[in-house]
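Shown next, in structure tokens, is the structure this report addresses.
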Amino acid sequence: MTRRVLVTGATGFVGRALVPALAATGRLVRAAARTPASIRGGDRIEPAPLPDLADHVDWAPLLAGVDEVVHLAGMAHRSGVEDAGYDRVIRGATGELARACMGRPIQRFVFVSSIGAQAGASATHAVSEADEPHPVTAYDRAKLAAEAELRATRIPFTILRPALVYGPHVKGNMALLMRISASPWPLPAAAFSNRRSLLALDNLVDALVFCLDNPATLGETYVVADPDPITLAEMITILREAAGRPAPGSPAPPAPFEILLRTNERSVLWDRIGGELVVDPGKLLATGWRPPVETRGGLRATVRASAAEAAAVSAAGRKL
Numbered sequence: 009m010t011r012r013v014l015v016t017g018a019t020g021f022v023g024r025a026l027v028p029a030l031a032a033t034g035r036l037v038r039a040a041a042r043t044p045a046s047i048r049g050g051d052r053i054e055p056a057p058l059p060d061l062a063d064h065v066d067w068a069p070l071l072a073g074v075d076e077v078v079h080l081a082g083m084a085h086r087s088g089v090e091d092a093g094y095d096r097v098i099r100g101a102t103g104e105l106a107r108a109c110m111g112r113p114i115q116r117f118v119f120v121s122s123i124g125a126q127a128g129a130s131a132t133h134a135v136s137e138a139d140e141p142h143p144v145t146a147y148d149r150a151k152l153a154a155e156a157e158l159r160a161t162r163i164p165f166t167i168l169r170p171a172l173v174y175g176p177h178v179k180g181n182m183a184l185l186m187r188i189s190a191s192p193w194p195l196p197a198a199a200f201s202n203r204r205s206l207l208a209l210d211n212l213v214d215a216l217v218f219c220l221d222n223p224a225t226l227g228e229t230y231v232v233a234d235p236d237p238i239t240l241a242e243m244i245t246i247l248r249e250a251a252g253r254p255a256p257g258s259p260a261p262p263a264p265f266e267i268l269l270r271t272n273e274r275s276v277l278w279d280r281i282g283g284e285l286v287v288d289p290g291k292l293l294a295t296g297w298r299p300p301v302e303t304r305g306g307l308r309a310t311v312r313a314s315a316a317e318a319a320a321v322s323a324a325g326r327k328l
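Residue numbering for the sequence shown follows my numbering, starting at 9 and increasing by one per position.
Set out below in structure tokens:
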């Protein structure tokens, strides 16, 4: 029997990659987004309007005939948002969707949470699901609260807490780091020995499909990351070289770089990358998940994809 899966946030960074991947498995995909007209439909992809999650949502039309749910929609982590805004859109809407699934033949509800629901921006040890959750920001506290709302319904669920995701069309802190790395600034990258765990977009998509298909993941929560962490120095070096910039020079104290970011209203980026955060995905790997993308090759591919996209936009602009 062909399974039908509802994907919320289908036009987001993860959703745009996940929807065709799910369709390729033979599923029928109901791709829900605020702007469904931008979704390329097909025999197995059904664009659907997603109401504003800041308001009460009648989920019944979106859940009609659905066997599985992947909940991606929410509010991006950004400054200037009040705590109540995160709570409503992340915790409130997730809980309402999960409760709307009760009494329906939903075989699996996969919720994409955040590594921030597990730990802050840095940790002195490898972070795993065995640790007591320690969210620091309002966004991450809302993610953890949303997980609790989902568990309370007792519907079949899996929760993923992904590390910082990179890949084509990436935005936010990772996109900013790519721009900084490609700049002509003499970055003191060699001084950054702190390790960071990242997650390739294709690896996250693969993990989501894996969890939908694997009964062993039922009722479980997983931190998700590429298996091998990478130092910030190596990350910047790879991003610079892939962008055609020379490798960073000799080591220099990182303090001036931190000051530069903080005085240019980039404190969030420094807080996210300036410390050490190693994520241990061993629990998910033990179920048989094997990520297809290696971090260093994935970073290079991300830069190439971004450069190709920028060139295409520039070429289109010249034709106007």
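For glycine and all other residues, C-beta sits at the position ideal for the given N, C-alpha and C. All values derive from a computational prediction rather than experimental measurement.
Could you give the DSSP three-state label for residue i: helix, strand or coil?
i, result
"phenylalanine 119", "strand"
"threonine 19", "coil"
"proline 28", "helix"
"threonine 229", "strand"
"alanine 170", "The residue you asked about is not alanine; residue 170 is proline in the sequence shown. Three-state result, proline 170: strand."
"glutamate 54", "strand"
"phenylalanine 200", "coil"
"alanine 72", "coil"
"leucine 184", "helix"
"leucine 216", "helix"
"glutamate 273", "Only weak support is given to the placement of glutamate 273: the predicted model assigns it a pLDDT of 49, under 50, and the value that follows is read from those uncertain coordinates. If DSSP states are grouped into helix, strand and coil, glutamate 273 belongs with coil."
"alanine 40", "strand"
"arginine 248", "helix"
"isoleucine 163", "coil"
"leucine 4", "No information on residue 4 is available, as it lies outside the stretch 9 to 328 that the chain covers here."
"isoleucine 238", "strand"
"leucine 14", "strand"
"leucine 285", "strand"
"valine 311", "helix"
Have a look at residue i and residue j and give me their C-alpha separation to the nearest angstrom.
i, j, result
"aspartate 288", "glutamate 242", "19 Å"
"isoleucine 246", "glycine 175", "14 Å"
"aspartate 51", "glycine 82", "27 Å"
"leucine 61", "serine 205", "30 Å"
"glutamate 273", "arginine 187", "Here the model assigns glutamate 273 a pLDDT of 49, short of 50, so the residue's position is not dependable, and the following value carries that caveat. Their backbone Cα atoms lie some 15 Å apart in a straight line."
"valine 144", "threonine 43", "32 Å"
"alanine 131", "histidine 142", "10 Å"
"alanine 101", "proline 254", "46 Å"
"proline 113", "glutamate 317", "41 Å"
"arginine 24", "valine 217", "14 Å"
"arginine 96", "alanine 68", "19 Å"
"threonine 225", "cysteine 219", "6 Å"
"arginine 99", "proline 59", "16 Å"
Applying the 10 Å Cβ sphere with the 16-neighbour rule, what's the burial state of residue i?
i, result
"lysine 179", "exposed"
"proline 57", "exposed"
"aspartate 236", "exposed"
"proline 299", "buried"
"methionine 110", "exposed"
"arginine 35", "buried"
"glycine 17", "buried"
"serine 122", "buried"
"alanine 41", "buried"
"leucine 212", "buried"
"glycine 73", "exposed"
"threonine 303", "buried"
"alanine 150", "buried"
Give the C-beta separation of residue i and residue j to the nearest angstrom, bearing in mind that I take them to be a contact with Cβ-Cβ under 8 Å.
i, j, result
"phenylalanine 117", "leucine 71", "Not quite, the Cβ-Cβ distance comes to about 11 Å (not below 8 Å), so this is no contact."
"phenylalanine 21", "histidine 79", "With a Cβ gap of about 15 Å, phenylalanine 21 and histidine 79 do not count as contacting."
"isoleucine 167", "threonine 229", "4 Å"
"isoleucine 47", "threonine 19", "6 Å"
Flag this pair as yes or no: are the beta carbons of residue i and residue j separated by less than 8 Å?
i, j, result
"arginine 169", "alanine 125", "yes"
"asparagine 5", "threonine 295", "Residue 5 cannot be examined here, being either before or after the span of the chain that is shown, 9 to 328."
"valine 232", "leucine 209", "no"
"valine 27", "alanine 45", "no"
"alanine 156", "tyrosine 94", "no"
"alanine 251", "serine 201", "no"
"serine 136", "glycine 290", "yes"
"alanine 129", "glycine 283", "yes"
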